[in-house]
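Everything on this sheet refers to the single structure shown next.
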Amino acid sequence: MIPSLSTHLVRYTPPHRQGGGGEKPEPVYLLKPADVFERALYESDMDRFGCRFHADTEMFEEARAALKASGGDVAPLFDLVDQVQMNPDSLDDDMRRRWERLERSLVEDWPAYREMVAMRSRYVRLMPLCAARRFLKGWENGPCEFRMGPDGMVPNEMLNLIPPADLLAIGTELRRMMYLRPEEEKNLSAPSSSEPDRRILPEGGKAQAAKGGSSTQGRARKSSKKIRD
Numbered sequence: 001m002i003p004s005l006s007t008h009l010v011r012y013t014p015p016h017r018q019g020g021g022g023e024k025p026e027p028v029y030l031l032k033p034a035d036v037f038e039r040a041l042y043e044s045d046m047d048r049f050g051c052r053f054h055a056d057t058e059m060f061e062e063a064r065a066a067l068k069a070s071g072g073d074v075a076p077l078f079d080l081v082d083q084v085q086m087n088p089d090s091l092d093d094d095m096r097r098r099w100e101r102l103e104r105s106l107v108e109d110w111p112a113y114r115e116m117v118a119m120r121s122r123y124v125r126l127m128p129l130c131a132a133r134r135f136l137k138g139w140e141n142g143p144c145e146f147r148m149g150p151d152g153m154v155p156n157e158m159l160n161l162i163p164p165a166d167l168l169a170i171g172t173e174l175r176r177m178m179y180l181r182p183e184e185e186k187n188l189s190a191p192s193s194s195e196p197d198r199r200i201l202p203e204g205g206k207a208q209a210a211k212g213g214s215s216t217q218g219r220a221r222k223s224s225k226k227i228r229d
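Numbering-wise (full-length UniProt numbering), the sequence shown opens with residue 1 and increments by one.
Put into structure tokens, the structure is as follows:
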């Protein structure tokens with residue numbers, strides 16, 4: 001059984017903010033690893049917003065379904081889809097242009113494919129916000145004093161203060177922690193001393209409580225499409 005880490009916080013500095021050598025100290029975000037129940041609530045949030053990152057295989061199969069329904073001589077296009085899926089690194093410039101044209105046509109003319117692309121886009125845009133809203137519990141060296149909303153989540157005005165690149169990194173790290181294998185989660189509980197940017201501390205331990213919340217003192221792969229072009 002995977003143990004719950006819901007009473008611990010992970011100190012996290014996005015990789016792109018580490019070792020900057022600037023005048024301002026690096027920000028440290030305090031992240032709460034989700035337990036199985038909290039993960040279900042996060043996934044429910046994503047469902048409510050119509051967010052789903054369809055797998056590449058689903059996208060290619062829907063492209064083939066659209067071609068099959070279109071009729072005509074589409075054998076060369078089937079070959080193109082196969083090539084893009086199986087050997088994307090082997091595409092020459094002409095094949096890339098043909099694939100880009102085909103994808104535009106699929107988005108314009110095939111509603112099911114268009115909706116899948118839209119759901120992937122919503123997922124990429126909303127995943128960091130939904131994750132940070134639930135599982136960001138504080139920061140150090142932030143833009144202002146951190147506070148939680150009355151519902152126990154991070155209010156929009158706090159999320160607005162986080163640089164977009166930081167927010168994406170936070171969301172990606174939170175999601176990674178949600179789906180750790182048991183052995184990985186064990187390692188998360190005992191981080192190496194060589195990784196000061198991702199240390200675990202008890203919630204409400206070293207850090208002071210944030211206003212309206214249970215956390216700390218502070219101061220406030222690329223696009224949605226994995227189908228290669």
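We treat Cβ as the ideally placed atom computed from N, Cα and C, and that holds for glycine.
DSSP three-state label for residue 145, please. coil
Keeping to the same chain, check which residues put their C-beta closer than 7 Å to that of residue 54; ignore five residues upstream and five downstream. 116, 119, 120
Measuring CB to CB, does residue 134 end up less than 8 Å from residue 58? no
Inter-residue Cα distance where the pair is residue 162 and residue 154: 11 Å
Nearest CA to the CA of residue 56: which residue from 159, 101, 88? 88
Sufficient close CB pairs (3 or more, under 8 Å) joining the segment 7-20 to the segment 163-177: yes
So residue 91 and residue 84 are in contact, right, with Cβ under 8 Å, and what is the actual spacing, rounded? 7 Å
I believe residue 123 touches residue 51 by the beta-carbon criterion, under 8 Å. Please report the beta-carbon distance rounded to the nearest angstrom. 4 Å
Closest residue to residue 147 among 164, 106, 102, 29 (Cα-Cα distance): 29
Who does residue 138 pair with in a DSSP beta bridge? 30
Cα-Cα, which of 78, 131, 72 is closest to residue 63? 78
Does the beta-carbon of residue 65 have 16 or more other beta-carbons within 10 angstroms, so that it is buried, or is it exposed? exposed
Count the other CB atoms within 10 Å of the CB of residue 179; is the residue buried (16 or more) or exposed (fewer)? exposed
Going by the CB atoms, is the gap between residue 156 and residue 24 shorter than 8 Å? no
Can you grab the Cα-Cα spacing for the pair residue 44 / residue 128, in whole Å? 15 Å
Work out the CA separation of residue 36 and residue 158 for me, nearest whole Å. 26 Å
For residue 137, count neighbouring C-beta atoms within 10 Å of its own C-beta (all shown protein chains included) and say buried if the count is 16 or more, exposed if not. buried
Assign residue 40 to buried or exposed, taking buried as 16 or more other Cβ atoms, counted over all protein chains shown, within 10 Å of its Cβ. exposed
Taking 8 Å as the threshold (C-beta atoms), are residue 126 and residue 31 in contact? no
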